[in-house]
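I have placed the structure first, in the form of structure tokens, so that the comments after it can refer back to it.
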């Protein structure tokens with residue numbers, strides 16, 4: 002089988018975060034262009050996040066929920082995403098100051114890896130399936 006956009010996005014995000022953590026951890030023994038590596042890794046994380054993980058949850062709500070629940074589930078999903086983004090924005094600088102860059106990026110790499118495993122285990126492929134077929138998947 003092939004990878005879904007969500008799975009590809011999460012794998013790319015995980016690899017970017019692992020690369021950031023390792024680069025920060027070994028930056029004193031790396032060549033002078035460490036800053037370039039950090040910029041590339043950060044940019045690749047943003048790219049992988051934008052092409053999948055950022056938008057797929059909103060798309061899944063539209064595909065997986067019956068029409069009568071879409072407004073509620075969309076509102077809940079967007080609220081949870083907003084709360085999580087707010088939390089990350091507030092916690093990130095505190096974690097950088099308390100634990101350092103390599104540990105902070107390592108933590109987020111583990112979170113991305115967890116999301117990747119979750120997506121492989123629990124998020125169904127929706128390509129070519131009707132809403133009724135998708136609902137039947139969750140009823141089983």
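Numbering (the numbering used here), first residue to last: 2 to 141.
We treat Cβ as the ideally placed atom computed from N, Cα and C, and that holds for glycine.
- Remark: C-beta atoms of residue 10 and residue 36 do not approach each other more closely than 8 Å.
- DSSP, reduced to helix, strand and coil, places residue 3 outside both helices and strands of the structure shown, so it counts as coil.
- Less than 8 Å divides the Cβ of residue 7 from the Cβ of residue 54.
- Between the stretch 64-79 and the stretch 88-100, the count of Cβ pairs shorter than 8 Å is below three; the stretches do not touch.
- For residue 78, the enclosing alpha helix (DSSP H) starts and ends at 71-100.
- In this structure, the CA atom of residue 85 is about 26 Å from the CA atom of residue 24.
- In the DSSP assignment, residue 31 falls outside any alpha helix (DSSP H) and carries neither an H nor an E.
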